[in-house]
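**Q**
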Amino acid sequence: MAADFSYLDRNVGEIRARMDAARARAGRTDEVQLIVAAKSGTPEELTYLFERHGVRDIGENRVQQLLEHYEQLPREINIHFIGHLQTNKVKYIVDKVCMIHSVDSERLAAEIDKQAKKHGIVMRVLVEVNVGEEENKSGVMPSEAEALCDAIGKYPNLSLCGLMTMAPNCEEKADYLKFFEKIYRLSVDIWGKNCDNKERPILSMGMSGSFEEAIASGATAVRVGRKLFEK
143 MAADFSYLDR NVGEIRARMD AARARAGRTD EVQLIVAAKS GTPEELTYLF
193 ERHGVRDIGE NRVQQLLEHY EQLPREINIH FIGHLQTNKV KYIVDKVCMI
243 HSVDSERLAA EIDKQAKKHG IVMRVLVEVN VGEEENKSGV MPSEAEALCD
293 AIGKYPNLSL CGLMTMAPNC EEKADYLKFF EKIYRLSVDI WGKNCDNKER
343 PILSMGMSGS FEEAIASGAT AVRVGRKLFE K
């Protein structure tokens with residue numbers, strides 16, 4: 143008997159509608175990318191979302207799970223690495239992902255550059271910013287983001303594309319806005335100083351409980367998992 147994925151039909155429709163409504167409220171006409179956070183999903187669910195709903199971007203938090211999923215997913219799916227990445231694990235994923243969202247040190251950037259060179263690729267990366275300056279979270283402090291962005295520019299096999307953040311848990315939805323708006327202002331400042339980079343920066347921010355506030359604050363990509371896989 144075929145698996146019942148009707149909950150995915152319902153959830154992805156609701157999430158996309160809420161994303162569209164958030165864009166409309168913000169007066170935005172540009173697209174916002176939906177990245178499915180794969181931590182809560184099975185390969186069968188992810189494949190269904192791709193084949194039935196055209197969801198082709200997934201985000202992996204853990205290297206081991208990425209490698210397990212990779213063998214079972216259609217090759218047309220774009221895999222983003224969105225979790226904390228140790229330097230000794232870069233070699234296992236650099237040829238399997240389209241972007242690494244979580245670069246939080248020059249040491250990690252150097253290792254990604256080294257491994258990307260071995261495969262003859264230029265890896266697209268985002269600098270992860272610890273916007274809430276929380277001790278238990280990865281990412282550079284906001285005051286250090288520009289220096290890391292500048293450092294990444296010297297590595298030929300890296301392409302700096304923007305910023306990523308994970309906001310602190312907020313009891314009130316409106317409280318997310320100040321964190322996401324801080325990242326938006328930071329991106330405007332950093333990219334405004336870099337005259338060579340004319341492309342608009344990617345802002346990867348907002349999850350199941352905060353993606354609407356992220357879109358209101360300028361997110362170009364949101365990472366939604368838990369809400370999508372609820373039955």
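Each residue of the sequence shown is one higher than the one before, starting from 143 at the first, in the numbering used here. Idealized CB from N, CA, C, for every residue including glycine.
(1) Ends of the alpha helix (DSSP H) at His211?
(2) I think Ile263 touches Gly304, with their Cβ atoms under 8 Å apart; what is that distance to the nearest whole Å?
(3) Going straight from the alpha carbon of Glu156 to that of Arg204, what length do you get?
(4) Any idea what DSSP makes of Ile344, helix, strand or coil?
(5) My parser needs the beta strand (DSSP E) runs of 3 or more residues fully inside the region 174-238; what are they?
(6) Within this structure, are the beta carbons of Lys315 and Glu276 separated by less than 8 Å?
(7) Could you pull out every residue in the same chain whose Cβ sits closer than 8 Å to the Cβ of Ala358, ignoring the five residues on either side in sequence?
(8) My output table needs one value for Leu370: the three-state DSSP class, helix, strand or coil.
(9) For Gln206, which of Leu188, Leu215, Ala179, Tyr234 has the nearest alpha-carbon?
**A** Taking the definition as stated:
(1) His211: member of the alpha helix (DSSP H) spanning 205-212, first to last residue.
(2) At roughly 19 Å, the Cβ-Cβ gap does not stay under 8 Å, so Ile263 and Gly304 are not in contact.
(3) Between Glu156 and Arg204, the C-alpha separation is close to 27 Å.
(4) In this structure, DSSP gives Ile344 an extended state, which the three-state scheme calls strand.
(5) Taken in chain order, the complete beta strand (DSSP E) segments of 3 or more residues contained in the region 174-238 are 175-179, 199-202, 220-223.
(6) Against a cut-off of 8 Å, the Cβ pair of Glu276 and Lys315 comes out as no contact.
(7) The beta carbon of Ala358 sits closer than 8 Å to the beta carbons of Ala164, Arg167, Ala168, Leu319, Phe322 from its chain, once the five residues preceding and following it are set aside; these are given in chain order.
(8) In the structure shown, the three-state DSSP call for Leu370 is coil.
(9) Comparing Cα-Cα distances from Gln206 to each of Leu188, Leu215, Ala179, Tyr234, the minimum goes to Tyr234.
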